[in-house]
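Notes follow once the structure below has been shown.
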Amino acid sequence: MATQAHDERSLSQRELRNESARVLREVAEGRSFVITNRSRPVARLVPVDVDEPKLRVSRPARRQGGWTLPDRQGGSSGRSVEEILDELREDRV
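Here is the structure:
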């Protein structure tokens with residue numbers, strides 16, 4: 001395995017497949033790998049930074065308080081949804 005910059009080691013796809021348990025242990029210990037396919041770099045395998053939040057806040061919320069349901073549009077005609085849809089579909093027949 002050749003040494004890359006930033007303590008990254010080169011690892012072929014075949015080595016990753018055959019030695020995945022060892023590679024994952026090393027990643028868990030903080031080591032990074034550049035995965036190659038036919039000697040060309042195709043991916044980087046790096047440890048997860050547990051201190052980094054999953055979602056970043058890009059801007060603070062403008063509104064405070066809870067959520068409210070929107071006002072109901074239209075009125076209650078006493079008809080079922082099926083009746084209304086049947087009426088709308090009559091033009092298609």
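According to UniProt numbering, the sequence shown is numbered sequentially starting from 1.
Where is the CB? At the ideal position from N, CA and C, for every residue including glycine.
- Burial state of Val23 is buried, judged by a 10 Å Cβ sphere holding 16 or more other Cβ atoms.
- Under the DSSP assignment, Ser80 falls outside any beta strand (DSSP E); it carries neither an H nor an E label.
- Between Ser32 and Leu45, the CB-CB gap stays under 8 Å.
- Arg92 has its alpha-carbon roughly 58 Å from the corresponding atom of Arg17.
- Thr36 is bridged by DSSP to Ser12, Pro41.
- Counting only the Cα atoms, Arg14 lies some 13 Å from Val42.
- In the three-state scheme derived from DSSP, where H, G and I count as helix and E and B as strand, Arg92 is classed as helix.
- Separation of Arg9 and Arg25 (C-alpha to C-alpha, rounded to the nearest whole angstrom) is 14 Å.
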